[in-house]
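Contents: one structure, followed by commentary.
Chains as they are written, first to last, in my numbering: chain A, 63 to 174; chain B, 7 to 117.
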């Protein structure tokens, strides 16, 4: 089973602050990396799917990078807004099984 | 609207009883999944199905059973053999590219 670590576990920032979190996973056993956003009382929704080393994806003020050689991905939020408050889940896809392996998530709280 | 529907949202079960959680999708996805979430942990895979009439155990299948008689439906039964059934259960389906779409979840409590 892939061991997926996300850090920090939780984060509190002020509106307007920029922030980033990390997803770490064994670099040799995956072929894609997904990020999902999970807002309270809603379903998790896909943010990004990345496959290539050095891949960078952007959606509004949120962006993500992928380093497949060292086994990590960063998620950045520039100028956080209260509506960015959510749990952010990363999920590498195992190259052995094709299944998503979820980290425990980073919970972001943005205070107005 | 296309999506995944889980029901009920909250479920209470007495110890020793089986209970079935419903999951329906109208996204025309072949693959469907059941995950369990416990506090402080990531989503853990219980069962998954890549196609109708076929399913495989995930990482924590003991005490659970599923069926996949129709493409749209993937019900999960929590049996009395599941020692710690109180948890939040999420159903998902995925595109051919593997992007998952989730339901809103069912919170099961054993009383």
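Just so it is clear, CB atoms sit at the ideal spot from N, CA and C, and this is done for glycine as well. Quantities reported herein were computed from a predicted structural model and do not represent experimental measurements.
- Between the alpha carbons of residue 31(B) and residue 17(B) lies a gap of roughly 20 Å.
- When secondary structure is reduced to three states using DSSP, residue 107(A) falls in the strand class.
- A direct Cα-Cα distance of roughly 6 Å separates residue 68(A) from residue 84(A).
- The residue among 113(A), 139(A), 126(A) and 106(A) with its C-alpha nearest the C-alpha of residue 156(A) is 113(A).
- Taking a C-beta cut-off of 9 Å against chain B, the contacting residues of the segment 85–109 of chain A are 94, 96, 98, 100, 103, 104, 105, 106, 107 and 108, listed in chain order.
- Counting C-beta pairs closer than 8 Å gives fewer than three between the segment 102–116 of chain B and the segment 61–71 of chain B, which falls short of the contact rule.
- Close to residue 166(A), with beta-carbon spacing below 7 Å, are these residues of chain B in chain order: 46, 47 and 48.
- Contact with chain A is absent for residue 80(B), since none of that chain's Cβ atoms lies less than 8 Å from the residue's Cβ.
- Taking all protein chains shown into account, residue 35(B) has 16 or more neighbouring C-beta atoms within 10 Å of its C-beta and is therefore buried.
- Against chain B, the CB of residue 75(A) has no partner CB under 8 Å away; the residue lies outside that interface.
- Proximity of residue 108(B) to chain A, defined by a Cβ-Cβ separation below 8 Å, is satisfied.
- With a contact defined as Cβ atoms closer than 8 Å, residue 151(A) and residue 73(A) miss out at about 14 Å.
- In this chain, the beta strand (DSSP E) harbouring residue 74(A) covers 72–76.
- Looking from the CA of residue 160(A), the closest CA among 135(A), 117(A), 91(A) and 81(A) belongs to 91(A).
- Per DSSP, the unbroken beta strand (DSSP E) holding residue 173(A) starts and ends at 168–173.
- Annotation: residue 102(A) to residue 125(A) spans about 21 Å, alpha carbon to alpha carbon.
- Between residue 19(B) and residue 66(B), the alpha-carbon positions lie close to 20 Å from each other.
- When secondary structure is reduced to three states using DSSP, residue 144(A) falls in the helix class.
- If you compare the alpha carbons of 44(B), 12(B) and 73(B) with that of residue 90(B), the shortest gap goes to 44(B).
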